[in-house]
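Participant: Read top to bottom, the protein sequences are chains A and B.
Okay, so the first sequence: first residue is 18 according to this note's numbering, each after it adds one.
Okay, so the second sequence: first residue is 3 according to this note's numbering, each after it adds one.
For each residue, glycine too, the CB sits at the ideal point set by N, CA and C.
One structure, as structure tokens, below. Some questions next.
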Amino acid sequence: MEKTPQKCRERDDSSLVRLSLKNEDYFFYLMERYENRLLNFITKISHINRDEAEDVLQEVFIKVFRNLASFDKSLSFSAWIYRITRNETFSHFRKNKVYYNGLGAEENEKLLNRLKSELDLAGELDYKFLKENIDKVLKRLDNKYREVLVLKYLEGKDYKEIADILKKPLGTVATLLKRGRNNFWEQARDMKMKF
Amino acid sequence: MTKKISEKIFRKIKEDHLKPRPRWEFLLKDYTVWTLFGISLIIGGLAVSVIFHMVVNNDWDLYQYVSGNFSGFLLATLPYFWLIILAFFIVSAYYNLKHTKKGYLLSLGKILVLSLLISVFLGGGLYAAGLSEPINNVFSRKIPFYKETLERRCKMWNRPQKGLLAGRVLEVESPQKFYLLDFNNKNWCVECPQLSQCPHIQEGFNNSVKIIGKTGKDCFQARDIKLFKTAPAFKSEHRSGSFKSFR
């Protein structure tokens with residue numbers, strides 16, 4: 018490696034992938050770049066405990082490294098690595114029968130505010146109630162709706178990236194998002210009525 | 003926590019001498035999926051060409067003789083074997099295209115319509131090139147189950163009391179008289195009183211024909227004779243029989 022760590026950190030993903038295929042030392046900078054983001058993503062879609070999430074992430078990094086030559090340059094590396102992370106997380110779900118437990122308080126508020134601005138339905142619902150019960154609402158949602166809401170409103174991914182991560186057509190992503198939002202508000206209303 | 007995992011994995015990569023899998027493995031998988039997609043479309047095209055052949059050569063103008071009503075005739079003569087083959091390979095094309103790198107971007111409907119259109123286009127080409135009948139013949143010779151399916155269809159014509167008769171022309175005695183082996187392996191003498199109504203006798207030698215007429219005293223009296231293009235092909239050993247064509 019002829020470059021200094023700082024120079025390596027300035028390189029874009031594609032160039033680091035290309036270099037990692039020749040020299041694995043460059044792969045460290047890719048892992049370093051995505052480590053926190055992916056760890057947060059795993060906990061947001063699964064909320065397995067931190068140790069378990071780290072185990073999943075280790076599997077992800079090994080898998081990404083082993084399959085680096087299959088990376089399609091027409092795809093963003095971010096979408097590709099999120100896709101592998103998402104698949105590994107759900108595979109971990111299935112193997113260990115882990116169920117979704119909820120988001121952290123900060124993420125709860127972020128998700129709620131973004132959903133509120135997207136869809137003006139929150140008026141009917143007490144914001145305080147939603148903030149306190151968002152985990153329960155999300156827990157009631159199907160995985161397919163929860164993950165798409167997390168990708169859109171917490172990870173800030175656009176439709177194309179979500180389509181690449183979930184390996185679904187753009188139209189399906191739009192439908193999932195619409196249904197996910199509607200489902201979220203329906204479940205919230207339903208819960209409110211039961212209180 | 004930061005970088006903890008990166009460092010751990012980096013050490014593991016170094017210690018275990020892990021290497022990325024070679025690019026050719028992924029390329030091989032990609033090419034295999036695309037090849038299977040192509041093969042599925044080609045077989046779908048073959049199926050479509052034979053479906054065209056069966057539909058075009060169906061007895062649309064004679065359905066009232068063969069079956070009581072049009073819907074019954076349609077159900078009895080649909081080429082189910084090829085429709086199932088077509089459906090199977092369209093699904094196979096869908097599966098393979100979905101597993102290409104960008105296949106996930108296409109919806110189920112788009113892939114099915116695209117695959118069907120390509121198969122129809124290919125099938126139309128094969129039909130126009132005159133390959134559908136040979137394909138049908140090859141299948142009827144090589145696949146006993148398919149031959150039975152065609153024979154069941156042919157047996158709808160084995161109702162001499164109702165004026166329908168079909169089978170292979172074994173010997174042509176004169177321009178107005180020939181011998182026929184029907185699909186129940188029964189020999190028949192067939193007469194054609196009006197020559198103009200029986201233009202296919204010579205063509206029909208050693209081939210299958212379908213006849214409309216009535217049973218007579220000694221011979222079946224033909225009123226109309228047509229080549230039976232959708233009948234199963236005869237094995238080559240039957241062609242060199244002791245019967246001769248009248249010339």
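What's the C-alpha gap between L168/A and N130/A?
Facilitator: Taking the straight line from one Cα to the other gives about 15 Å.
Participant: Look at the Cβ atom of S210/B, then the Cβ atom of G165/B, and state whether they are nearer than 8 Å.
Facilitator: The answer is no: Cβ separation not under 8 Å.
Participant: Whose Cβ in chain C lies nearer than 7 Å to the Cβ of E41/A?
Facilitator: No chain C appears in the structure shown, which is made up of the protein chains A and B.
Participant: Going by DSSP, what residue range makes up the alpha helix (DSSP H) through T151/B?
Facilitator: Run containing T151/B: 146–156, per the alpha helix (DSSP H) assignment.
Participant: Closer than 8 Å, CB to CB, is S109/B near chain A or not?
Facilitator: Output row for S109/B: interface = yes.
Participant: If you draw a straight line from the alpha carbon of N60/B to that of K100/B, how long is it in whole angstroms?
Facilitator: Answer to the nearest angstrom: the Cα atoms are 36 Å apart.
Participant: How do the segment 78–88 of chain B and the segment 139–156 of chain B stand: do at least 3 beta-carbon pairs fall below 8 Å, yes or no?
Facilitator: Counting Cβ pairs under 8 Å, three or more are found: they touch.
Participant: If you draw a straight line from the alpha carbon of D89/A to that of E9/B, how long is it in whole angstroms?
Facilitator: Going by the C-alpha atoms only, they are around 26 Å apart.
Participant: G188/A touches chain B at which residues, Cβ-Cβ below 9 Å?
Facilitator: Per Cβ cutoff of 9 Å: S109.
Participant: Between which residues of its own chain and P22/A is the CB-CB distance below 6 Å, once the five residues before and five after are set aside?
Facilitator: Correct list: empty, nothing qualifies.
Participant: I'd like to know if Y67/B contacts chain A, where contact means its C-beta is closer than 8 Å to some C-beta of that chain.
Facilitator: Taking Cβ atoms only, chain A never reaches closer than 8 Å to Y67/B, which makes this a no.
Participant: What runs of the alpha helix (DSSP H), each 4 residues or longer, lie entirely inside the segment 40–98 of chain B?
Facilitator: Fully enclosed alpha helix (DSSP H) runs of 4 or longer: 65–68, 72–79.
Participant: Return the first residue and the last residue of the alpha helix (DSSP H) that G86/A is part of.
Facilitator: The sequence shown places Ala at residue 86/A, rather than the Gly named in the question. First-last for A86/A: undefined, no H or E at that position.
Participant: Are the C-beta atoms of F82/A and some chain B residue less than 8 Å apart?
Facilitator: Yes, its Cβ sits closer than 8 Å to a Cβ of chain B.
Participant: Can you round the beta-carbon distance between C194/B and I227/B to whole angstroms, since I take them to be within the 8 Å contact cut?
Facilitator: Between I227/B and C194/B the Cβ distance is about 7 Å, and since that is below 8 Å, they are a contact.
Participant: Residue range of the beta strand (DSSP E) that E27/A falls in?
Facilitator: Per DSSP, E27/A belongs to no beta strand (DSSP E); it is in the alpha helix (DSSP H), 22–27.
Participant: Within 8 Å of any Cβ in chain B, is that where the Cβ of M48/A sits?
Facilitator: So yes, M48/A belongs to the interface.
Participant: T189/A by DSSP, collapsed to three states: which one?
Facilitator: In this structure, T189/A counts as helix in the three-state DSSP scheme.
Participant: Any idea what DSSP makes of I8/A, helix, strand or coil?
Facilitator: In the structure displayed, chain A extends from 18 to 212; residue 8/A sits before or after that span and is not available.
Participant: Taking Q75/A as the query, report the chain B residues whose CB atoms sit under 9 Å from its CB, ordered along the chain.
Facilitator: Chain B residues near Q75/A: I7, K10, I11, K14.
Participant: Okay, do the segment 193–207 of chain A and the segment 150–165 of chain A touch, 3+ Cβ pairs below 8 Å being the bar?
Facilitator: They touch, by the three-pair rule.
Participant: Under a CB-based cut-off of 8 Å, is L116/B close to chain A?
Facilitator: Cβ-Cβ to chain A under 8 Å: no for L116/B.
Participant: Can you tell me which of the three DSSP states S93/A falls into?
Facilitator: Coil at S93/A, not helix or strand.
Participant: Taking a Cβ distance cut-off of 7 Å, strictly less, list which residues of the segment 77–106 of chain A are near chain B, in chain order.
Facilitator: For the segment 77–106 of chain A, which is checked against every Cβ of chain B, the residues closer than 7 Å are F78, I79, F82, R83, N84, L85, A86, S87, D89.
Participant: Helix, strand or coil for D226/B? Go by DSSP, reduced to three states.
Facilitator: D226/B: strand per DSSP, three-state reduction.
Participant: Going by DSSP, which residues form a beta bridge with V174/B?
Facilitator: F180/B, per the DSSP bridge assignment.
Participant: For the segment 106–121 of chain B and the segment 85–95 of chain B, state whether three or more C-beta atom pairs, one from each stretch, are separated by less than 8 Å.
Facilitator: They touch, by the three-pair rule.
Participant: Go to T217/B, then tell me how far its beta strand (DSSP E) extends in each direction, as first and last residue.
Facilitator: Per DSSP, T217/B belongs to the beta strand (DSSP E) from 210–217.
Participant: Could you work out which residues of chain A lie near F28/B, taking near to mean beta carbons separated by less than 8 Å?
Facilitator: Ordered by position in chain A, the residues that pass the 8 Å Cβ test against F28/B are N84, A86, S87.
Participant: Which same chain residues end up closer than 8 Å to N84/A when comparing Cβ atoms and leaving out the 5 residues on each side of it in sequence?
Facilitator: Only I101 meet the Cβ criterion.
Participant: At a cut-off of 7 Å, would you count E41/A as near the ligand MN, judging by its Cβ distance to the nearest heavy atom?
Facilitator: This structure lacks the ligand MN, and indeed carries no ligand of any kind.
Participant: Mind checking whether R25/B and A96/A have CB atoms under 8 Å apart?
Facilitator: No, they are not a contact pair.
Participant: Please report the distance separating the alpha-carbon of S42/B from that of K219/B.
Facilitator: Spanning the two alpha carbons is a distance of roughly 54 Å.
Participant: Check N53/A in the structure and name its three-state DSSP category.
Facilitator: Helix, per DSSP.
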